[in-house]
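All remarks here apply to the structure that follows.
In our numbering, the protein residues as written are 113 to 375.
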């Protein structure tokens, strides 16, 4: 779990460093668009990272930034609007599918040089939408994530004791879809459940089994890269963990990790 988190944090740090570097050169190299709708390809800067800097005439218009993803995983997006004196500040972005339909219909995501947003994605073409910014910069990078969750309780994926397992909630899925996992206790025991998430909105985790036949809500987490831990005493038997979006209307997407161990 720690090795994967180090990798993800390193990529996020590189993304922010990249953002800072491009903020400095923004006023020297920009692409200006009239108050209209435009589509651009993001520029590759190596290591799977892409960036685009530009301006919109009179601060009006919409630009769609094309990103092609080859593997299932997460898309990490950072960005900033830039004041005329070069000061960066936060701005809204929106993830769209290959036909430029919004994958965040009820809201947009907020990004800055200090905040990023993260989406769960399948392979394909996506667009990052930016609107009404005089000067701005947007960057993105993708990271492969294994999607191990079963789509029904009967197909629940077994979690090996002390082994971390990952799952993915992809953008564009039905809001009520769920992932299922399971583990078995051969005797009554105290169990520690560890959770982590990266996404544009919250995921909820529920536990079902002999001790909680109607299920309990373990946690609801949003973009929590610090392990959430829950210590709980359970009767022997098979337990199921159900992962869902915290709100069916939120269209949350991203990745998560689960680990359990006996204490």
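No residue lacks a Cβ here, since even glycine has one placed at the ideal position from N, Cα and C.
Beta-carbon separation of residue i and residue j under 9 Å?
i	j	result
residue 234	residue 181	yes
residue 355	residue 291	yes
residue 154	residue 242	no
residue 369	residue 298	no
residue 248	residue 212	no
residue 252	residue 188	yes
residue 358	residue 326	no
residue 237	residue 205	no
Quick check: the Cα distance between residue i and residue j, rounded to an integer number of angstroms?
i	j	result
residue 288	residue 363	9 Å
residue 245	residue 256	31 Å
residue 348	residue 322	7 Å
residue 157	residue 191	15 Å
residue 367	residue 148	34 Å
residue 207	residue 301	44 Å
residue 167	residue 150	12 Å
residue 365	residue 314	8 Å
residue 197	residue 171	15 Å
residue 174	residue 261	37 Å
residue 376	residue 345	The structure shown does not extend to residue 376, since the chain is modelled only from 113 to 375, so the question has no answer here.
residue 376	residue 282	The structure shown does not extend to residue 376, since the chain spans only 113 to 375, so no value can be given for it.
residue 195	residue 186	30 Å
residue 137	residue 223	With a pLDDT of 44 at residue 137, under the threshold of 50, the predicted position of this residue should be treated as unreliable, and no value is reported.
residue 305	residue 221	29 Å
residue 263	residue 162	32 Å
residue 79	residue 311	Limits of the chain in this structure are 113 at one end and 375 at the other, which puts residue 79 out of reach.
Checking the sheet assignment: what are the DSSP bridge partners for residue i?
i	result
residue 278	369
residue 165	249
residue 264	According to DSSP, which records beta bridges pairwise, residue 264 is partnered with nothing at all.
residue 269	293
residue 216	Residue 216 pairs with nothing; no bridge assigned.
residue 210	Looking at the DSSP assignment, residue 210 forms no beta bridge with any residue, so it has no partner.
Using C-beta distances below 8 Å, list every residue in its chain close to residue i, excluding the 5 sequence neighbours before and after it, in chain order.
i	result
residue 273	295, 372, 373, 374
residue 331	307, 316, 317, 340, 342
residue 183	235, 254, 256
residue 152	143, 164, 166, 175, 176, 177, 178
residue 329	316, 317, 318
residue 271	277, 293, 294, 295, 353, 370, 371, 372
For the ligand HEM, any of its heavy atoms closer than 8 Å to the Cβ of residue i?
i	result
residue 180	With respect to the ligand HEM, the structure offers nothing, as it holds no ligand at all.
Within a Cβ cutoff of 6 Å, which residues of the same chain sit near residue i, ignoring the five residues on either side of it in sequence?
i	result
residue 280	232, 257, 259, 367
residue 286	none
residue 320	327, 352
For residue i, decide whether its Cβ has a neighbour in chain D, counting only Cβ atoms nearer than 9 Å.
i	result
residue 314	Annotation note: the requested chain D is absent from the structure, which comprises a single protein chain.
Looking only at its chain, what residues have a beta carbon closer than 7 Å to the beta carbon of residue i, apart from the 5 residues adjacent to it on each side?
i	result
residue 160	253, 254
residue 209	215, 238, 284
residue 265	292, 352
residue 267	292
residue 324	none
What are the complete beta strand (DSSP E) segments, minimum 3 residues, inside the region 295–358? Taking only runs of at least 3 residues, the beta strand (DSSP E) segments lying wholly in the region 295–358 are 301–311, 315–321, 324–333, 340–346, 349–357.
Suppose only complete runs of 3+ residues qualify. What are the beta strand (DSSP E) ranges in the region 222–258, listed by chain order? Listed in chain order, they are 229–233, 236–243, 247–256.
Going along the chain, which unbroken runs of the beta strand (DSSP E) with 3 or more residues stay wholly within the region 169–201? With a minimum length of 3 residues, the continuous beta strand (DSSP E) runs that stay inside the region 169–201 are 174–181, 185–194.
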